[in-house]
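As structure tokens, the structure follows; a few thoughts come after it.
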Amino acid sequence: MTAKRIPRLGIGGPVGSGKTMLIEKIVPVLAAKGYNAGIVSNDVVSREDADRMRHNLATEQGILSEDLVIGLATGGCPHTAVREDPSMNISIIEEMESKYNYLDLIIIESGGDNITTTFSPALADYFIYIIDVSGGDKYPRKRGLGIETCDLLVINKIDLAPHVGADLTIMERDAKAVRGDKPYVFVNSMTGQGIAQVTEHIIRDILFESPPKTVAKN
Amino acid sequence: MSTDDDDATMDAADLSMMQLSDSFFPTGMYSMSNGLEAIFYSGRKIKAEELRELVKTYLEYQIGPADCTALGIAYEHAARSNLLKLLEVDRAIFSMKLVQEIRDASIRSGTQLVRCIRSFSDNKILGQYDDAIRGGQAFGPYPVALAVAANAFLIPKEKAALVMLYSFSVSIVGAALRLGMLQHFDGQKVIDELKPTIVKVTKANINRPIEGMWQFAPSIDIIQISHERMNSKMFIT
């Protein structure tokens, strides 16, 4: 029997921009509100991100079970795995949907890639693109499909801005110019600054403020 | 005498063959090295001619007598709309895939292949096979899925086998290129040199019965198991 589709959140961004840590920060906030998430982590050359999230979120914090964090190799083509040929991701997610139908959300982390990353709509219902200030304040202005078309732009590591000569007002101005009315959030994942806002977007724009499945059942 | 309609049908089938063998077709094969990555990380240097011989071994002792034969049998059952017999081949080839990550990759590719084609084809047996996979009565390994798809597209059985063996060879050569084991012209030379083997393996295996399915490539099994146990890797298999 085909399982019902569980809302899917895609998170993409360049190598080192903070995709994994963003997930490590938003999952506990969602869990505190009763929402259960599963994670598929696409990695370019290792399973390190999946192992780290499994250790942190499952083994250490006990927020989810260890088998709900799945690592996926991408043959060196991270963008292909989430856009042109998402078949391996879709297959794994469909297996999760039939095994863990109580999940409220499945998060798909793309392997680190360039600014053209986007998610196939067949794979993800909502797309967060994350950049960090250390790449310079030119990043939003440079556009690229990821920055332009994502549902939510996250600008991470804002505490580093003064140290790398990045001007947040320029990044904000350019994000508005490039994205129009579409939202962006300034985040410092290390301290948790901005994480609540990101989570609010997820609950409102992907989960449509429906109650967690475990709550709705009782 | 062939008519314009016949020619058009054959041309369409040829185009479908190209479509299925194109690396752009979404089956995730770009993410599979079939164990080659384990050889690379073992530190062993492989020349183009050694890679060619390695792929030949895969074709002659693993993919040919197992997957190619399964494809041929599955194609006949699909052509006769015999779902029960199709499910027998499905189980047989699934159980012959000894390494879990190879088995998982085969059924994930096969399942997505069937679903993709069902989204634009109303072929009855393909729909029934997809329903059987969704219902847990079938696994959906790639050779069976490709046979059902080829039948739906009116691609002749032998040509379907060529598609499978060619795609398999390209996925390994592609992995070798991405791992930096050989250069792009060398990759095309290897594929060209594999053509006679692909044709020979197809002819030798496409019409054998289910009882005749076999595989014996223990070194390759060990390489694939080694890959499964690697902590850090770029490829699914």
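For the protein sequence lines, the chains are A and B, in the order given. Each number in the numbering used here corresponds to the 1-based position in the first sequence with 44 added. Each number in the numbering used here corresponds to the 1-based position in the second sequence with 804 added. Note that CB positions come from ideal geometry on N, CA and C, so glycine has one too. Keep in mind the model is a prediction, meaning the values are calculated, not measured.
| query | result |
| --- | --- |
| Just mark B/P947 as buried or exposed, buried being the case when its beta carbon has 16 or more other beta carbons within 10 Å. | buried |
| For B/D1025, which of helix, strand or coil comes out of DSSP? | helix |
| Taking the alpha-carbon positions, what's the B/L887 to B/I929 distance? | 7 Å |
| Just to confirm the assignment: which complete beta strand (DSSP E) runs, minimum length 3, are found wholly within the stretch 96-165 of chain A? | 113-117 and 149-153 |
| What residues from chain A crowd round B/P947, counting only those whose CB sits closer than 7 Å? | Simply none; closest approach about 16 Å. |
| Hey, quick one: how far does the beta strand (DSSP E) through A/N86 stretch, first residue to last? | A81 to D87 |
| Find the residues of chain A that neighbour B/R912, judging by a C-beta separation of less than 8 Å, and give them in chain order. | S131, M132, S135 and I136 |
| Could you please tell me which residues of the stretch 79-94 of chain A, in chain order, have their CB closer than 8 Å to any CB of chain B? | V88, V89, S90, R91 and E92 |
| Report the residue from A/I150, A/K182, A/V177 and A/G188 whose alpha carbon sits nearest the alpha carbon of A/T161. | A/G188 |
| Am I right that B/Q866 and B/A1021 are in contact with their C-beta atoms under 8 Å? What's the rounded C-beta distance? | 5 Å |
| To the nearest angstrom, how far is the alpha carbon of A/F171 from that of B/K1004? | 48 Å |
| To the nearest angstrom, report how far apart A/P51 and B/L966 are at their CA atoms. | 39 Å |
| Could you tell me which whole alpha helix (DSSP H) segments of length 4 or greater appear in the stretch 957-1001 of chain B? | 961-982 |
| Once the 5 residues before and after A/I246 are set aside, which same chain residues still bring their CB inside 8 Å of it? | L53, I70, L74, L149 and Y170 |
| Would you call the stretch 920-937 of chain B in contact with the stretch 958-976 of chain B, where contact means no fewer than 3 C-beta pairs closer than 8 Å? | no |
| Span of the beta strand (DSSP E) holding A/Y170? | Y170 to D176 |
| Taking all protein chains shown into account, decide if B/H881 is buried (16 or more other Cβ within 10 angstroms of its Cβ) or exposed. | buried |
| Write down the C-beta distance between A/S178 and B/Q916 rounded to the nearest angstrom, noting that I regard them as a contact closer than 8 Å. | Contact flag wrong, Cβ pair sits at about 38 Å. |
| For A/T124, go through chain B and note every residue whose CB falls closer than 7 Å to its CB, in chain order. | Y834 |
| With DSSP as the reference, label A/V231 as helix, strand or coil. | coil |
| Taking only three categories from DSSP, how would you classify B/V859? | helix |
| Just to confirm, is the Cβ distance from A/D157 to A/G56 under 8 Å? | yes |
| With a CB to CB cut of under 8 Å and the five nearest residues on each side skipped, what residues in its chain are close to A/R49? | E141 |
| Taking A/V198 as part of the beta strand (DSSP E), name the residues at either end of that continuous run. | L196 to N200 |
| Rounded to whole angstroms, what's the CA-CA distance from A/K186 to B/D826? Just pull it up for me. | 33 Å |
| On the three-state DSSP scale, how would you describe A/Q237? | strand |
| Which of the three DSSP states, helix, strand or coil, is assigned to B/G847? | coil |
| Could you tell me if B/S971 is buried or exposed, where buried requires 16 or more neighbouring beta carbons within 10 angstroms of its beta carbon? | buried |
| Does the stretch 87-98 of chain A come into contact with the stretch 188-197 of chain A, if we say contact requires no fewer than three beta-carbon pairs (one atom in each stretch) closer than 8 Å? | no |
| Can you find a CB in chain A that lies within less than 8 Å of the CB of B/Q987? | no |
| Would you please state the rounded distance, in angstroms, between the beta carbons of A/V242 and A/V229? I believe it to be under 8 Å. | 6 Å |
| Between the beta-carbon of A/N200 and the beta-carbon of A/S233, is there less than 8 Å? | yes |
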